[in-house]
Amino acid sequence: MNWTAIIIWLLAIILVLIVARLSIKIVRQYEQGVLFRLGRVVAVRMPGLRFIIPVVDRLQLVSLRIVTMPIQSQGIITQDNVSVDISAVAYYRVIDAVKSVVAIEDVAAAINQIAQTTLRKVVGRHSLDQTLSETERINGDIREILDALTLEWGVEVTLVELKDIQLPDSMKRAMARQAEAEREKRAKIISAEGESIAAVALGQASDTMMAHPVALQLRNLQSLVEIGVDKNSTVVFPAPLMSTIAELGAFLARENQAASSGAPAAEPAASQTAALSTPLATPQAAAPAEPPTVTPDVTPDPPARAA
């Protein structure tokens, strides 16, 4: 057996396997391959099984998926001279594989650095209140600037979001006091509006009762009923009020009798209304009765009879 021939065949097989391994490339669905031949870009290979010439060709794979890139927290001075620490996150993807390989060495590092400077520049043009309330507009401004700068690198910045805004402790306490004062102001305004509405309603009710004295007397009776709910309370009724209640009861009795019999009331309603609306004088104590006059009996005695 010729051992030399066997060794040659083994070497040939190994060489073929090595050449096949170097010649066959697989491009995944989310990738594109930039083909360099003798150092020059000659083509872009799409996903699938691709063959190259070993030693002469070099295929560099570029991912087209969206990449998440955190922007580290940094101290920024706002327009109103307040120091805040802001961190953000950016999302980008490669849209031109050739430019991303030829135009720049490290796309991720370049975007990270330019995103930090852009964040500092955009936030520095806004006050603290604007930074806290207009984050959507700030995100849009940063994204537009980054997208314009990275377009020549074959990269598209799809989204930028401010992730965290850290305020100084003194500023947090001041904002808490401001928020508390604002809540107290709103509470006082609501209370004042309620009192104003109540005052208007009371004025209208007063006008209505002044136009209808009987209604005023009925309201007095209702108040007495409400007072008498408490069993432990003692209510003292003044004499004019008792007289008014008696007159009101008599008036209502006459009205009911007139309604049931169909005859007119004993007295006109207007006179009763006037009598009810007119305050009654406090009854005075009756004068003491004079003692009866005793007339002495002065009838003369009869003359004595003669013996």
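If you use numbering that gives the first Met the number 0, the sequence shown corresponds to residues 0 to 306, in order. Each residue gets a CB set at the ideal place from its N, CA and C atoms; glycine is no exception.
1) Just tell me which of 72, 154, 101, 66 has its CA closest to the CA of residue 119.
2) Measure the C-alpha to C-alpha separation of residue 59 and residue 177 and round it to an integer number of angstroms.
3) Within 10 angstroms of its Cβ, does residue 110 collect 16 or more other Cβ (buried), or is it exposed?
4) Residue 157 and residue 125 - do their beta-carbons sit closer together than 8 angstroms?
5) State the Cα-Cα distance for the pair residue 106 and residue 171, rounded to the nearest angstrom.
6) Quick test of the definition: if touching needs 3 or more C-beta pairs under 8 angstroms, does the stretch 51 to 66 touch the stretch 18 to 37?
7) Taking the beta carbon of residue 112 as the centre, do at least 16 other beta carbons fall within 10 Å, making it buried, or is it exposed?
8) In or out: residue 41 buried (at least 16 other Cβ within 10 Å) or exposed?
9) Pick from 153, 88, 90: whose alpha carbon is nearest that of residue 102?
10) Is residue 66 near residue 100, with beta carbons less than 8 angstroms apart?
11) Can you list, in chain order, the residues of its chain with a C-beta nearer than 8 angstroms to that of residue 90? Leave out the 5 residues immediately preceding and following it.
12) When burial is assigned at 16 or more other CB atoms within 10 Å of the CB, is residue 165 buried or exposed?
13) Under 8 angstroms between the Cβ atoms of residue 116 and residue 141?
14) Would DSSP call residue 97 helix, strand or coil?
15) Can you check whether the CB of residue 75 is closer than 8 angstroms to the CB of residue 33?
16) Quick check on the burial criterion: 16 or more other C-beta atoms within 10 angstroms. Buried or exposed for residue 273?
17) Kindly identify the DSSP beta-bridge partner or partners of residue 74.
18) Measure the C-alpha to C-alpha separation of residue 203 and residue 250 and round it to an integer number of angstroms.
19) By the 10 Å Cβ neighbour count, where 16 or more other Cβ atoms means buried, how is residue 114 classified, buried or exposed?
20) For residue 95, count neighbouring C-beta atoms within 10 Å of its own C-beta (all shown protein chains included) and say buried if the count is 16 or more, exposed if not.
21) What's the gap between the Cα of residue 70 and the Cα of residue 186?
22) So who's on the other strand from residue 307, going by DSSP bridges?
23) Where are the beta strand (DSSP E) runs, 3 residues long or more, that stay fully inside the stretch 143 to 229, in chain order?
24) Around the C-beta of residue 127, are 16 or more other C-beta atoms found within 10 angstroms, so that it is buried, or is it exposed?
25) What runs of the alpha helix (DSSP H), each 4 residues or longer, lie entirely inside the stretch 1 to 45?
26) Which same chain residues end up closer than 8 angstroms to residue 151 when comparing Cβ atoms and leaving out the 5 residues on each side of it in sequence?
27) Using three-state DSSP, classify residue 55 as helix, strand or coil.
28) Could you have a look at residue 136 and say whether DSSP puts it in helix, strand or coil?
According to the data block:
1) 72
2) 58 angstroms
3) buried
4) Taking a C-beta distance under 8 angstroms as the contact criterion, residue 125 and residue 157 do not qualify as a contact pair.
5) 38 angstroms
6) The stretch 51 to 66 vs the stretch 18 to 37: in contact.
7) Its Cβ having fewer than 16 others within 10 Å, residue 112 is exposed.
8) exposed
9) 153
10) no
11) 65, 66, 67, 68, 156, 157, 158, 159
12) Its Cβ having fewer than 16 others within 10 Å, residue 165 is exposed.
13) no
14) Helix, per DSSP.
15) no
16) Confidence at residue 273 is low in this model, with a pLDDT of 42, below 50, so its placement is unreliable and no value can be given for it.
17) 84
18) 27 angstroms
19) buried
20) By the Cβ-count criterion, residue 95 is buried, with 16 or more other Cβ atoms from all chains shown falling within 10 Å of its own Cβ.
21) Separation of residue 70 and residue 186 (C-alpha to C-alpha, rounded to the nearest whole angstrom) is 42 angstroms.
22) Residue numbering for the chain in the displayed model covers 0 to 306; residue 307 lies beyond these limits and cannot be assessed.
23) Secondary structure remark: continuous beta strand (DSSP E) runs of at least 3 residues inside the stretch 143 to 229, in chain order: 154 to 165.
24) It is buried - the Cβ of residue 127 has at least 16 other Cβ atoms within 10 Å.
25) 2 to 22
26) 98, 102
27) Under the three-state reduction of DSSP output, residue 55 falls in the coil class, being neither helix nor strand.
28) helix
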